[in-house]
Each structure stands twice: as C-alpha cells, then as structure tokens.
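A short worksheet on the structure shown next.
In our numbering, the protein residues as written are 45 to 357.
Here it is, written out as structure tokens:
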C-alpha cells in the first residue's frame with residue numbers, strides 16, 4: 045500500500061495560546077479546507093474521510109482533544125463535532141494525536157513492523173514529546189487514550205522542572221531547548237575554545253552533530269540529555285516489552301554518539317536475566333511534517349478497508 049501527498053497548504057497560527065486559540069484554529073481549519081477543495085479541484089464525492097492530527101491527549105472514539113497543548117483551556121475540546129458542524133461533510137471526520145500518525149507512517153517505511161510490537165518516541169523542535177505503541181499493525185490506546193503519551197513519563201524526581209501538564213519531572217519538561225541551554229551554561233566556561241555558542245546551545249540537532257565530531261562540550265550536554273531519554277525508554281520497555289523502539293523527529297538525528305550512549309545507559313537497568321532487549325533504531329522518515337500526513341492517510345485507508353477494529357496491514 046502506498047500513500048502520497050497530492051496537494052498541500054501550510055499556515056502558522058501565532059495565537060493558539062490565547063483563551064480562544066483553539067476556536068480560532070477550528071475556524072482557520074475550515075477556511076483552509078474549503079480553500080484546498082477549490083484550488084485542488086478535487087470533487088467531494090472522491091473524498092472518503094477527513095483526518096485531523098491534534099497535539100495533546102486525544103480521545104479518538106469521541107473525537108475530543110482532552111488536553112489541548114499550548115492553550116489555557118485544559119480539557120475537552122470537541123474537534124470532530126465542531127468541524128462536522130461547520131463543514132457539513134457527508135464523509136466521516138476523525139481525529140487523533142500527531143505522534144500516533146507519525147508512528148503509523150513507519151509501517152510504510154518498513155512493512156515488517158506490521159508483525160511486531162513497536163513503540164515510537166518522537167521529539168518536536170519545540171521540545172514537545174510524544175509517541176505511540178503499535179501491536180501487529182494496530183495502534184494501542186488504552187481506556188482514556190493515554191498510551192503513547194511518553195512525554196509525560198516521570199524521569200526526574202528530585203529536581204524536576206514543571207511540565208505543561210502540571211507535574212514535575214516529565215520527559216517533555218526535562219528535554220526542552222531551555223534545558224539544553226541551561227546545561228550548556230553549566231559547562232561552557234570549562235571549554236573556552238568550544239564551537240557551540242549561545243545561539244546553538246538550545247539546538248539539539250546542532251549539539252548532536254558536534255557530539256559526533258567529538259566536541260567535549262556537546263558530549264557533556266548529550267550525556268545529561270541521554271539520561272532522561274534512557275529512563276523513558278526503560279519505562280517503555282517495562283510497560284510494553286516492544287521488539288523495537290523507533291526514535292523520531294529530533295531524536296532521529298542523534299547519530300553514533302547518542303546511539304552508543306543510550307545503549308550504554310539502558311543496559312544499566314535490570315532486565316531480569318533477559319538477554320533480548322528491545323532494539324533502539326532511528327526513524328527513516330526525514331520529513332516529519334510529511335510523515336504526519338502520510339501516517340494519517342494510511343490510518344484512514346486502513347479504517348476504510350479493514351474497519352475500525354482491524355487496522356493491520
């Protein structure tokens with residue numbers, strides 16, 4: 045099965061953090077969808093489903109974003125219902141978390157994953173963290189849609205930073221660009237000739253590159269960063285025992301040093317005599333924005349072809 049993008053529009057929303065930010069997002073989405081239909085000249089009778097990727101905790105069955113990120117409105121935003129009311133489409137509209145769609149796109153890159161238990165761990169350039177669990181081609185949700193919310197795994201209990209969810213020490217709050225900058229500040233005076241300046245200090249990809257070149261400052265930063273990622277991975281292994289864990293988004297650019305450090309740290313945890321530890325690999329999806337879309341398209345096609353309870357490939 046193949047999925048491809050035949051038409052694309054992109055628009056950034058600066059006011060999503062306002063009290064009515066998500067209402068603005070809905071109105072803008074409706075406007076953009078109608079514009080795309082006109083510009084692409086695709087007849088409505090050739091469209092089988094509309095899929096919406098949301099950031100935050102999503103209850104897919106009810107079409108609700110339970111905890112929208114980046115907004116003061118803390119719970120229950122009925123995305124599916126609002127879009128259906130405004131667009132009046134005859135075909136269904138479904139929503140899900142962006143991390144699940146990106147994880148689902150991995151099935152296109154490697155069809156053999158459809159026969160395994162796979163977990164994905166995704167990091168956005170802004171510092172947002174998510175992921176998903178796929179069991180033999182089917183996304184797992186849990187009772188409230190929490191499965192795959194790996195950004196809120198507790199990875200620091202003593203000096204945890206406050207997370208947007210209200211907790212302290214979540215993976216997402218301990219791996220932000222601001223945290224990278226603070227780690228850089230701790231070490232930069234020890235390396236007066238380092239090539240990482242204040243402008244690069246919160247750029248994870250730049251620090252990955254420098255660590256792979258042997259930059260000692262970058263190595264110190266990645267060593268601290270990797271501890272939190274390794275703790276999350278260990279918890280994912282205990283919860284789901286996946287055959288493979290795929291690092292996506294910013295994490296996919298880790299390179300040799302980060303991969304080696306993660307392997308070293310994860311092996312420090314007890315695996316109760318098990319010699320077969322989950323394989324940790326980098327995603328082959330180079331464009332994550334495209335990955336969201338491709339994964340959503342595959343997801344929709346499988347629902348149409350196999351039904352809502354049979355998303356295997």
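Heads up, the beta-carbon is just placed ideally off N, CA and C, and yes, glycines get one too.
Which residues bound the alpha helix (DSSP H) around residue i?
i           : result
residue 332 : 332-350
residue 147 : 142-153
residue 306 : 299-310
residue 218 : 215-218
residue 223 : 221-231
residue 290 : Note, residue 290: premise wrong, no alpha helix (DSSP H); beta strand (DSSP E) at 288-293.
residue 124 : 123-131
residue 271 : 260-284
residue 254 : 248-256
Just mark residue i as buried or exposed, buried being the case when its beta carbon has 16 or more other beta carbons within 10 Å.
i           : result
residue 70  : buried
residue 141 : buried
residue 103 : buried
residue 116 : The predicted model places residue 116 with a pLDDT of 49, which falls under 50 and marks its position as unreliable, so this point remains unresolved.
residue 155 : exposed
residue 258 : exposed
residue 144 : buried
residue 255 : buried
residue 124 : buried
residue 295 : buried
residue 80  : exposed
residue 351 : exposed
residue 162 : buried
residue 230 : exposed
residue 207 : buried
residue 96  : buried
residue 92  : exposed
residue 290 : buried
residue 239 : exposed
residue 246 : buried
residue 292 : buried
residue 99  : buried
residue 332 : buried
residue 37  : Past the edges of the chain, shown from 45 to 357, lies residue 37, and the structure says nothing about it.
residue 314 : exposed
residue 169 : exposed
Going by DSSP, what residue range makes up the beta strand (DSSP E) through residue i?
i           : result
residue 179 : 173-179
residue 96  : 94-98
residue 324 : 323-326
residue 359 : Since the first residue of the chain shown is 45 and the last is 357, residue 359 is not available in this structure.
Assuming residue i and residue j form a contact by the criterion Cβ under 8 Å, report the distance between their Cβ atoms to the nearest whole angstrom.
i           : j           : result
residue 216 : residue 101 : Wrong, their Cβ atoms sit about 12 Å apart, outside the cutoff.
residue 177 : residue 284 : 5 Å
residue 309 : residue 274 : 4 Å
residue 261 : residue 297 : The Cβ separation is near 18 Å, so there is no contact.
residue 334 : residue 86  : The pair is not a contact, with the Cβ atoms about 19 Å apart (cut-off 8 Å).
residue 152 : residue 342 : 6 Å
residue 218 : residue 195 : Actually they do not touch by this definition, with Cβ atoms about 10 Å apart.
residue 181 : residue 158 : 4 Å
residue 137 : residue 127 : 5 Å
residue 189 : residue 110 : 7 Å
residue 198 : residue 210 : No, residue 198 and residue 210 are not in contact; Cβ-Cβ is about 13 Å, not under 8 Å.
residue 221 : residue 171 : 6 Å
Can you confirm whether residue i, when its beta carbon is compared against all beta carbons of chain B, has any partner nearer than 9 Å?
i           : result
residue 138 : Looking at the structure shown, chain B is missing, and only one protein chain is on hand.
I want to check one thing, is the minimum distance from the CB of residue i to the heavy atoms of the ligand FMN below 8 Å?
i           : result
residue 207 : Ligands are entirely absent from the displayed structure, and the ligand FMN is therefore not among its contents.
Three or more C-beta pairs under 8 Å: does that hold for the region 316-336 against the region 294-304?
The region 316-336 and the region 294-304 touch, with no fewer than 3 CB-CB distances between them shorter than 8 Å.
Just checking, does the region 254-266 make contact with the region 142-158 on the three C-beta pairs under 8 Å criterion?
Remark: fewer than three beta-carbon pairs, one from each stretch, lie closer than 8 Å, so the region 254-266 and the region 142-158 are not flagged as touching.
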